[in-house]
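Accompanying notes for the structure given below.
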Amino acid sequence: NAGVTQTPKFQVLKTGQSMTLQCAQDMNHEYMSWYRQDPGMGLRLIHYSVGAGITDQGEVPNGYNVSRSTTEDFPLRLLSAAPSQTSVYFCASGDAGPTFGSGTRLTVV
Amino acid sequence: AQSVTQLDSQVPVFEEAPVELRCNYSSSVSVYLFWYVQYPNQGLQLLLKYLSGSTLVKGINGFEAEFNKSQTSFHLRKPSVHISDTAEYFCAVSDSGGSNYKLTFGKGTLLTVNP
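Chains L and G are the protein sequences, given in the same order.
Numbering-wise (our numbering), the first sequence opens with residue 63 and increments by one.
Numbering-wise (our numbering), the second sequence opens with residue 9 and increments by one.
So this is what it looks like as structure tokens:
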């Protein structure tokens, strides 16, 4: 039972490039979320999904896009990377104490 | 809107000493409360959670927390810490209704256990 799997673990992008952060869960959870973690800021909610085909914005959604075509997968897309998006990104699955993935450390230069 | 304040950004303690990490929250609705631990270069692991019932919640690794509604607090305690408890600890809150999958986090407390 893998829980929540995030890929890649590390990524360096140039300003303006696009990429997709992958997140998959094998717990059959309806709820999935993306957070970013910045030093001294805690974690902030980017986007979330309450089921396949249903997504909504969190606290800091600008510059990110999501879709949920299956229960298992919830990818996060950076449309045009900016240095301000340098962060550690975490995917979470479930409710009332969600399970977190191990994170993707993204650097935008 | 909800908010979480972790009153100490860093807490250094000696091994085998007791520790308390403080957390206060603000919310206009009833809440669920959580403590997560993050070891260096790892994801977040759920330590314990308060959903309802007894206000004293026991978690993994010997940690416990007490929900105090009148003081809007959820402080984390351990009677005797180990070197391996060195990590960052995050307090989080969600509403207790249909949006309980959306967490608001505090900024974290770095616990450093020294020999």
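Cβ coordinates follow ideal geometry from the N, Cα and C atoms, glycine included.
Residue 73 of chain G burial status per 10 Å Cβ neighbour count (16 or more: buried): buried
Cβ contact (3+ pairs, closer than 8 Å) linking the region 152 to 166 of chain L and the region 83 to 100 of chain L: Contact holds: three or more Cβ-Cβ distances are below 8 Å.
Host beta strand (DSSP E) of residue 12 of chain L (start-end): It is not possible to answer for residue 12 of chain L, since the shown part of chain L is limited to 63 through 171.
Identity of the residue in G:108, G:115, G:117 nearest residue 92 of chain L by Cα: G:108
Contiguous beta strand (DSSP E) assignments of at least 3 residues, all confined to the region 43 to 120 of chain G: With a minimum length of 3 residues, the continuous beta strand (DSSP E) runs that stay inside the region 43 to 120 of chain G are 52 to 58, 64 to 66, 72 to 76, 81 to 86, 95 to 103.
Short CB-CB distance (under 8 Å) between residue 86 of chain L and chain G: no
For residue 65 of chain G and residue 57 of chain G, the rounded distance between their alpha carbons: 7 Å
Buried versus exposed call for residue 143 of chain L [16 or more other C-beta atoms within 10 Å across all chains shown]: buried
Three-way DSSP call (helix, strand, coil) for residue 38 of chain G in this model: coil
Nearest to residue 11 of chain G (by Cα), restricted to the options G:25, G:122, G:80: G:80
Assigned secondary structure, residue 11 of chain G (DSSP; H/G/I helix, E/B strand, else coil): strand
Contacts of residue 98 of chain G in chain L (Cβ-Cβ under 8 Å): Here the neighbours are 104, 105.
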